[in-house]
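Have a look at the structure below, then the notes.
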């Protein structure tokens, strides 16, 4: 088992206060769940990995960040096309 070092949030704590890193296979399963949730192709796996790692391995936070980015990009595109008309 290879631990994944995450940025941002602290790794989950065992009840006795010992840090337990997220196993690489579990981390990659979370990445796969993000791919499935957003219906992204397998080629997006490295991006899901980076987003999840930056979100502290929190799949809900990673999902929120992806949804926020999609919303902002869509708004920007809409404004751009409205300005061209």
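Residue numbers (UniProt numbering): 1 to 85.
Ideal Cβ placement from N, Cα and C applies to all residues, glycine included.
Fair warning: this is a prediction, and the values are worked out from it, not measured in the lab.
Report the option in the options whose CA atom is closest to the CA atom of residue i.
i: residue 37; options: 73, 82, 85 and 64; result: 64
i: residue 56; options: 83, 31, 45 and 82; result: 31
i: residue 44; options: 66, 61 and 82; result: 66
Determine, using beta carbons only, whether residue i and residue j come nearer to each other than 8 angstroms.
i: residue 86; j: residue 79; result: This structure cannot speak to residue 86, because the chain is shown only from 1 to 85.
Check your understanding: Is there contact between the segment 46 to 66 and the segment 23 to 31, where contact requires at least three CB pairs shorter than 8 angstroms?
Key -> yes
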